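Numbered according to the numbering used here, the sequence shown spans residues 374 to 468. Okay, structure first, notes after.
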Amino acid sequence: MDIMKLCYEMAEKLRPYGEPYMSEFSKDFVNSAIRAGEPSVAIDAYLVEAWLHKSAPKELLIEAYNLLEPYECGDIHDDIADDLGVPRKVHSPDE
């Protein structure tokens, strides 16, 4: 399956778990990113909100986290990885 299709599908799966906690600005930002062909931005935003509010099944959070590229991950993603029991995403110094 195409990775972009997987990302769009994951964004839609995560939406009901993350979007209710987002500001209108964040919702607009995510929707703009999706329209611009950047579903990983939506995955990131929904993942963080769903994790912070413990609103999504752990398996779904792990699946979403695994779709993110290392360069898309910051400190909060280390916390998410630790909490979910998955390896942290490490990016090379060249990135």
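Positions of the beta carbon are idealized from the N, C-alpha and C atoms, including for glycine. Keep in mind the model is a prediction, meaning the values are calculated, not measured.
8 angstroms Cβ cutoff met for residue i and residue j
| i | j | result |
| --- | --- | --- |
| residue 384 | residue 419 | yes |
| residue 314 | residue 416 | Coverage of the chain is limited to positions 374 through 468, which leaves residue 314 absent and any answer about it impossible. |
| residue 457 | residue 427 | no |
| residue 411 | residue 391 | no |
Which of helix, strand or coil DSSP assigns to residue i
| i | result |
| --- | --- |
| residue 326 | Look at the range of the chain in this structure, 374 to 468, and you will see that residue 326 is not part of it. |
| residue 315 | Given that the chain is displayed from residue 374 to residue 468, the structure contains no residue 315 and the question cannot be resolved. |
| residue 411 | coil |
| residue 431 | helix |
| residue 436 | helix |
| residue 389 | helix |
| residue 450 | helix |
Straight-line gap, residue i to residue j (C-alpha atoms, nearest Å)
| i | j | result |
| --- | --- | --- |
| residue 429 | residue 447 | 20 angstroms |
| residue 386 | residue 460 | 22 angstroms |
| residue 379 | residue 404 | 17 angstroms |
| residue 381 | residue 433 | 14 angstroms |
| residue 409 | residue 377 | 12 angstroms |
| residue 397 | residue 375 | 30 angstroms |
| residue 462 | residue 455 | 11 angstroms |
Residue i burial status per 10 Å Cβ neighbour count (16 or more: buried)
| i | result |
| --- | --- |
| residue 444 | exposed |
| residue 453 | buried |
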